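Residue numbers (my numbering): 22 to 140.
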Ligand SMILES: [Zn+2]
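Right under this line is the structure:
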């Protein structure tokens, strides 16, 4: 699971960006749940109407979780969030340990090193 220091992560940028977008959609859907239900109750004053809002949210969260779970790791090609049957939305690949922001971190580090060399 230990990441090699010399490995170039920039080649995974496209794959990791796609994964990050899917994860962002998934976590956003979770975060908007309470505000959405609260707002719906405030506006409609109806449990029935809010039930419809809940149904739409529920459909979206299922889509979001499936999209995030179906995301493949750009390094090992396995499902990034699934090992076995249950998806676990961690920030590292469950198979090879690639971090979700490995490319960003490396770029930042390289920029810092470049900056230090120029001084
Ligand atoms: Zn992997």
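Virtual Cβ for every residue (Gly too), placed ideally from N, Cα, C. Because the structure is a prediction, the values reported are computed rather than measured.
Inter-residue CB distance, residue i and residue j (contact presumed, cutoff 8 Å)
i	j	result
residue 120	residue 104	Incorrect: roughly 16 Å between the Cβ atoms, too far for contact.
residue 123	residue 47	Incorrect: roughly 19 Å between the Cβ atoms, too far for contact.
residue 43	residue 92	5 Å
residue 74	residue 55	At roughly 12 Å, the Cβ-Cβ gap does not stay under 8 Å, so residue 74 and residue 55 are not in contact.
residue 108	residue 85	Going by Cβ atoms, the distance from residue 108 to residue 85 rounds to 11 Å, so no, they are not a contact pair.
Residue i - containing alpha helix (DSSP H), residue span
i	result
residue 65	54–65
residue 73	68–90
residue 120	Per DSSP, residue 120 belongs to no alpha helix (DSSP H) and is neither H nor E.
Residue i, buried or exposed, once every other Cβ within 10 Å from all chains shown has been counted against 16
i	result
residue 70	exposed
residue 95	buried
residue 101	buried
residue 131	exposed
residue 61	buried
residue 114	buried
Tell me which residues pass a beta-carbon proximity test against ligand 1: closer than 6 Å to any heavy atom, given in chain order. Ordered along the chain, residues surrounding ligand 1 are 94, 96, 97, 99, 114, 116, 117 and 119 [Cβ under 6 Å from any heavy atom].
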